[in-house]
Amino acid sequence: MISTSLIQSTAEILMDKAAIEIPQDYLDGLTQAADAEDGDLSSFVLQAMLENYAVAKEDRRAMCGDTGTPRWYVKMGNETQIEGGPIALENALRLATANATVNVPLRPNRVHPLWRTDHNNNVGIGAPEIEYGFEPGGEWLDLTTVHKGGLFGTDYRMLFPSDGIEGIKRFYLDSLVAFGKRGLACQPAIIGIGLGGTKDSCMVLGKRAACLRIVGDRNPDPKIAALEDEFKELGNSIGMGAMGFVGKSMVIDCNIEVGYCHTGGMQMSVHAFCLSSRRAVARIYADGQVEYRTDPDWFTPYQRRESVTWETQESSAKSA
Amino acid sequence: MGNAGKLRKVRLSTTPSAEALADLRLGDIVYLDGLIYTAREGVYMRALEESANIPMELPQQSAANFHCSPAATINSDGTFTLGAVTATASFRFAKWLPEWLAKSGAKLVIGKGGMSSQDYKDYFVPNGAIYLSTVGYGTGALLGRGVKSVKEVHWHEELGIAQAMWVLECENMGPFIVESDSKGNSLFERENAKIAENLHKVYEGTRPATLKRFGETDDRTDEVIG
Ligand code: SF4
């Protein structure tokens, strides 16, 4: 049984870590990009960013003044039990979000779409988003918070099978060029691409590809992995760098996730996880132990399963 | 690695002289000293559409309008805790800026993404104003360090923390980059034009979507904003 108070205190630490500490995988990626960048203005921007991450950690202040939209991904093992049940869990995450907004401090970004009501705590109707995933076996809870920035850099398009890879490439480039001008997407970014599913699940896949997979990770399907490499290259060959200045660092990495779609369509979404690629993860075990990390490790074989039912290791061993 | 050291670095007052402004070149890196205030749609609507009295002496106290809402808290004892400071995209405020520049006497508009050179020529130049962009946009911690103190927060009850008018005392706050000069040229547009030359090559081997969308343009030198 995992206690609600531990969930809340862990979640508050995660909010703080996400806002202040740039994940190592993104930092390594950006450092490489800074070394390779040859545009004078773009170089200056990347150097300033590297300095900014260091200052954020030193001063324990948020790396970016724009908090983006903090959200939660909750994953649990099949045997996990939570004190007070799912309602208590959601209370704890909403409380942690509100408390961290005051304590870090974070910018209270979330307002009512029409009345612009601001609770000054990043909590409101549907905010923060809380999404769930499950894994076979295990008695643990993974909490991931993502503070994704950016009103810009995300787009969706209904493509068709006849559009093919050429159509996918076109929409990919269009998204990067459109939002990259003047650096509105705050590139270089981790670009997530969702292919297939339905309009809503395609958006979810692309967003998770950007936010829940780390730099250097590759899709287990070798052909999709090759496409990820190709798209990273392609994005960096546009001739545009940070802030839309002449340069070659647009894409720190490109991650693609797919879902089965309607036979007539080929949905595509593009998401940019910006210069402040903020994510933090903790695993809470039933005995109260907590481990912090920065890799959400969301896309397990179970999350990408194709089969009708999931055979656990033991049952497949038995049936074999 | 590019030669970032080649860029010129300038310290500038937030009530700058006309000469200091005329001396700035596109791409100069600027660090600010003095008071700056945040003003975005909330402040513009209140000051211009509702004609509320602006609670500061402008531009004597500050001629630097920052398009920003800081990551900050107003404590129960009335003090402020300020963390990171990041600009927000300016093109959305074009509607109010002509009147605001005339009324506030702002000489420095600081934000994200700049405006069009047409905007600069139409109402920045006549008001003697230039545009400074924050760098990378995400450099909130660096800029936060440049804020020595929060002098005042106006209209936070009426507008909320994010839209309130924050008056910040700055020392060597930066980096900012000169996006428009005294003639109304735009650094972003200059860069866009250079990048556009190469774009047709990047697009080789791609094809337009079968299903078009309203308002679609195939001219990638166009911008989708504005
Ligand atoms: S897109 Fe990211 S780096 Fe840019 S302002 Fe928003 S949160 Fe900050």
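Protein chains in written order, with our numbering: chain B, 1475 to 1794; chain V, 14 to 239.
From the three backbone atoms N, C-alpha and C, an ideal C-beta is built for every residue, glycine too.
Only a predicted model underlies this, so the values are computations on that prediction, with no experimental measurement involved.
Within the present structure, is the beta-carbon of residue i separated from the nearest heavy atom of ligand 1 by less than 8 Å?
i                   : result
Ser-103 of chain V  : no
Thr-1541 of chain B : yes
Leu-1749 of chain B : yes
Gly-151 of chain V  : yes
Gly-127 of chain V  : no
Cys-1660 of chain B : yes
His-1621 of chain B : yes
Cys-1676 of chain B : no
Cys-1538 of chain B : yes
Gly-1718 of chain B : no
Gly-1627 of chain B : yes
Glu-1624 of chain B : Glu is not the amino acid found at residue 1624 of chain B; the sequence shown has Gly there. For ligand 1, at least one heavy atom lies less than 8 Å from the Cβ of Gly-1624 of chain B.
Thr-99 of chain V   : yes
Where does residue i land, buried or exposed, given buried means 16+ other C-beta within 10 angstroms?
i                   : result
Gly-1624 of chain B : buried
Pro-139 of chain V  : exposed
Ala-1794 of chain B : Confidence in Ala-1794 of chain B is poor, its pLDDT being 43 and thus under 50, which makes the residue's placement unreliable; the coordinate value appears in the next sentence. Classification of Ala-1794 of chain B: exposed, given that the 10 Å Cβ count is below 16.
His-1586 of chain B : exposed
Ser-1790 of chain B : Bear in mind that a pLDDT of 49 at Ser-1790 of chain B, under 50, signals an unreliable position, so the number given afterwards is only what the model happens to contain. That one is exposed.
Met-1475 of chain B : exposed
Ile-1561 of chain B : exposed
Gln-1506 of chain B : exposed
Arg-1778 of chain B : exposed
Tyr-1734 of chain B : exposed
Tyr-1527 of chain B : buried
Rounded to whole angstroms, how far is the Cβ of residue i from the Cβ of residue j, which I believe are closer than 8 Å?
i                   : j                   : result
Cys-183 of chain V  : Ile-67 of chain V   : At roughly 20 Å, the Cβ-Cβ gap does not stay under 8 Å, so Cys-183 of chain V and Ile-67 of chain V are not in contact.
Gly-153 of chain V  : Ala-97 of chain V   : 3 Å
Ala-1684 of chain B : Ile-1664 of chain B : 5 Å
Pro-1696 of chain B : Ala-175 of chain V  : Rounded, the Cβ-Cβ distance is 46 Å, inconsistent with contact.
Gly-1680 of chain B : Gly-1668 of chain B : 3 Å
Ala-115 of chain V  : Phe-1645 of chain B : Contact flag wrong, Cβ pair sits at about 42 Å.
Thr-1575 of chain B : Asn-1596 of chain B : 5 Å
Asp-1648 of chain B : Gly-1503 of chain B : Between Gly-1503 of chain B and Asp-1648 of chain B the Cβ distance is about 24 Å, and since that is not below 8 Å, they are no contact.
So the candidates are the options; which of them puts its Cα closest to the Cα of residue i?
i                   : options                                           : result
Gly-1738 of chain B : B:Tyr-1527, B:His-1586, B:Leu-1563 and B:Pro-1635 : B:Pro-1635
Thr-219 of chain V  : B:Ile-1664, B:Glu-1640 and B:Leu-1701             : B:Glu-1640
Arg-1545 of chain B : B:Leu-1480, B:Gly-1657 and B:Ala-1493             : B:Ala-1493
Thr-99 of chain V   : V:Phe-106, V:Leu-181 and V:Gly-124                : V:Gly-124
Met-1677 of chain B : B:Glu-1731, B:Thr-1541 and B:Thr-1768             : B:Glu-1731
Asn-1577 of chain B : B:Thr-1783, B:Leu-1658 and B:Asp-1490             : B:Asp-1490
Ser-162 of chain V  : V:Ala-35, V:Thr-92 and V:Ser-193                  : V:Thr-92
Arg-53 of chain V   : V:Trp-109, V:Gly-15 and V:Ala-115                 : V:Trp-109
Met-1724 of chain B : B:Arg-1656, B:Ala-1683 and B:Arg-1767             : B:Arg-1656
Ala-1485 of chain B : B:Ala-1522, B:Ala-1536, B:Pro-1602 and B:Ala-1566 : B:Ala-1566
Gly-149 of chain V  : B:Arg-1584, B:Arg-1779, B:Met-1717 and B:Asn-1729 : B:Met-1717
Lys-1722 of chain B : V:Leu-224, V:Lys-225, V:Leu-212 and V:Ala-222     : V:Leu-212
Ser-117 of chain V  : V:Ala-60, V:Arg-105, V:Gly-228 and V:Arg-24       : V:Ala-60
Ile-1481 of chain B : B:Val-1548, B:Ala-1528, B:Glu-1785 and B:Cys-1728 : B:Val-1548
Can you find a heavy atom of ligand 2 that lies under 8 Å from the Cβ of residue i?
i                 : result
Cys-81 of chain V : In the structure shown, ligand 2 is absent; the only ligands present are ligand 1.
Practice prompt. Flag this pair as touching only if the stretch 1769–1784 of chain B and the stretch 1703–1713 of chain B have three or more C-beta atom pairs under 8 Å; answer yes or no.
Written response: By the Cβ rule, the stretch 1769–1784 of chain B does not count as touching the stretch 1703–1713 of chain B, because fewer than three pairs are nearer than 8 Å.
Practice prompt. Report yes or no: do three or more beta-carbon pairs, one from the stretch 1612–1623 of chain B and one from the stretch 1751–1766 of chain B, lie closer than 8 Å?
Written response: yes
Worksheet item: Are the stretch 1736–1746 of chain B and the stretch 1623–1642 of chain B in contact at 8 Å, needing three or more beta carbon pairs?
Response: yes
Worksheet item: Are the stretch 1682–1696 of chain B and the stretch 1488–1500 of chain B touching, with three or more C-beta to C-beta distances below 8 Å?
Response: yes
Fill in: Segment contact flag, the stretch 1582–1599 of chain B with the stretch 1498–1518 of chain B, C-beta cutoff 8 Å, min 3 pairs
no
Worksheet item: Is the stretch 188–203 of chain V close to the stretch 130–138 of chain V, with three or more CB pairs under 8 Å?
Response: yes
Discussion item. When you compare the stretch 1530–1540 of chain B with the stretch 143–160 of chain V, are there three or more beta-carbon pairs, one atom per stretch, that lie closer than 8 Å?
Written reply: Yes: the two stretches touch, three or more of their Cβ pairs being nearer than 8 Å.
Discussion item. Measuring CB atoms only, is the stretch 186–193 of chain V touching the stretch 139–148 of chain V, in the sense that at least three cross pairs come out at less than 8 Å?
Written reply: yes
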